[in-house]
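Have a look at the structure below before the remarks.
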Amino acid sequence: MFSKVTDSILYVGVDDRAIDLFESQYKVPNGVSYNSYIIMDEMIAVMDTVDARASEAWMANVEEALAGKAPDYLVVQHMEPDHSANLKALADKYPAMQIVANAKTFPMMKQFFGEDYADRRVVVKEGDTLCLGSHTLTFVMAPMVHWPEVMVSYESSEKVLFSADGFGKFGALDADEAWDDEARRYYINIVGKYGAQVQALLKKAAALDIAVVAPLHGPVLKGDAIAHAVSLYDTWSSYRPEEHAVLVAVASIHGNTRAAAKVLAEKLEAKGEKVIFCDLTRDDSAKAVADAFRCDRMVLACATYDGGLFTAGEEFLMHLKAKGFQSRKVGLMENGTWAPMAAKLMKAAFEPMKNITVLDTVVTMKSAMNDATLTQMDALVDALMAE
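Heads up, the sequence shown is in this note's numbering, so the first residue is 1 and it goes up one at a time.
Structure, rendered in structure tokens:
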């Protein structure tokens, strides 16, 4: 089934409720949507395709929406397989259809499909337009948001921004969940490294009169939802915290480090602080990374393991670095029965990250909490709350 975004712009995307891991790494308990659109005019344009997991349903939606007509153009905004997997199938089905993309995109087509459609190309660059009749698309380059070939498309008559992976979220379209949480988890983990590039795209978008945002994942945005999403994207891509809050993230082997981290969290809450608690061995790692960006402060509690960091803590630090984590205050808690090393190693891991203030006050445990540990916790709480 297709649905209407406007009278002339049709949604032909597909919900995938069966998928468990997006990009083979991110948990999606509520699935994901693969969005695709068709602009019906004198000339018909299909805006992107979908993942191979949804090929059959998508092609059925396309054929129903076209009602016997043939598309004139396929606009390829992003070559990642969850959006381009059906490019060749559509091109084979409609041999007269031209393929619209920028110069960086066609070599990727060759890599994925063994064909770069040299005789069917419409190569576009920044500011180029494509007139379909009463609708006109203007192409805006968005390199590294989050692949080098990405572009977005603005349709001026109905003021629709086809935003590629921008303003997307995890979750099928029928999922009953808040936009912010799954959009944050999606943005930080998929796009988060490329804040400067997102800022550049936001500046371009600010010059456009946008009434509708049509992303490649998640719901179409209209009205106040657009301003809200743009505000969050500005915060996320500037690496500013959303909230005055403390993430307490813990990597515990036998439970003693986790028990101590819980006590620290309670001490912070008793002082009126908002605390988000995360067990890195059990909770969703993508949410943990997103929450680290969400909060203005973090405490990382980790056990020593084989003279290094316990695996869950080490992996968390690796992901933070990969996503460009920066401009936060960090407190450390360590545990080690005979040779605590975690604090030293955690501090070293934060050093390459930009504008990270690692507090001098460290909570050091040997095996389990005692009175000295509690005193150190009080000092760490004071340091976290100090301006």
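Using N, Cα and C, we set each Cβ at its ideal position, and we do this for glycine too.
Three-state secondary structure assigned by DSSP to D279: If DSSP states are grouped into helix, strand and coil, D279 belongs with the strands.
Three-state secondary structure (DSSP) of D284: Assigned with DSSP and collapsed to three states, D284 falls in coil, not helix or strand.
Nearest residue (CA-CA) to L161, options A178, A205, D176 and G192: Answer by Cα proximity: A205.
Closest by C-alpha distance to G133, when choosing among E158, Y11, M333 and E23: For the residues E158, Y11, M333 and E23, the minimum Cα distance to G133 belongs to E158.
Distance CB(V100)-CB(A65) smaller than 8 Å: In this structure, A65 does not lie closer than 8 Å to V100 by Cβ.
Chain-order list of residues whose beta-carbon lies under 6 Å from that of M109 (same chain, five-residue window excluded): Closer than 6 Å at Cβ, skipping near neighbours: D116.
Same chain only: Cβ atoms within 8 Å of K321, ignoring 5 sequence neighbours per side: These residues qualify, in order along the chain: A349, P352 and M353.
Rounded C-alpha distance that separates M346 from F325: Cα to Cα, the separation comes out at about 14 Å.
Cross-strand partners of S3 (DSSP beta bridge): Beta bridge pairing from DSSP links S3 with Y11.
contact_flag[the region 276–285, the region 245–257] where n(CB pairs < 8 Å) is 3 or more: Verdict: yes, contact present.
Euclidean distance between Cα positions of F316 and P219: Counting only the Cα atoms, P219 lies some 30 Å from F316.
Whole-angstrom C-beta distance between N335 and A172, which should lie under 8 Å: Going by Cβ atoms, the distance from A172 to N335 rounds to 41 Å, so no, they are not a contact pair.
Exposed unless 16 or more other CB atoms sit within 10 angstroms - verdict on W338: With fewer than 16 other Cβ atoms from the protein chains shown falling within 10 Å of its own Cβ, W338 counts as exposed.
Same chain, Cβ closer than 7 Å to C295, five either side skipped, listed in chain order: Excluding its 5 nearest sequence neighbours in each direction, C295 has C-beta neighbours in its own chain below 7 Å: P241, E243, A245, V246, L247 and I276, listed in chain order.
Buried versus exposed, by CB contacts within 10 Å (16 or more), H83: H83 sits buried, since 16 or more C-beta atoms from the chains shown fall within 10 Å of its C-beta.
Distance, G313 Cα to P143 Cα: Cα to Cα, P143 sits roughly 32 Å from G313.
Exposed unless 16 or more other CB atoms sit within 10 angstroms - verdict on P71: Result: buried.
Run of the beta strand (DSSP E) containing Y305, from where it starts to where it stops: Y305 -> beta strand (DSSP E) spans C295 to Y305.
Alpha helix (DSSP H) segments (min. 4 residues) lying fully within the region 182–255: Qualifying alpha helix (DSSP H) stretches, in chain order: 195–206 and 224–237.
Option nearest D48 by Cα separation, candidates A67, K69 and L10: Nearest to D48 by alpha-carbon distance, out of A67, K69 and L10, is L10.
Delimiting residues of the alpha helix (DSSP H) encompassing M381: Per the sequence shown, the amino acid found at residue 381 is Val instead of Met. Bounds of the alpha helix (DSSP H) holding V381 are D371 to M385.
M97 versus F112, V122, H78 and P107, residue with shortest Cα-Cα distance: Ranking the options by Cα distance to M97, first place goes to V122.
Coil, strand or helix - F310 by DSSP: Three-state result, F310: coil.
Collapsed DSSP secondary structure at K344 in the structure displayed: K344 carries a helical assignment under DSSP once its states are collapsed to helix, strand and coil.
Extent of the continuous beta strand (DSSP E) run through M365: Start and end: T357 to M365.
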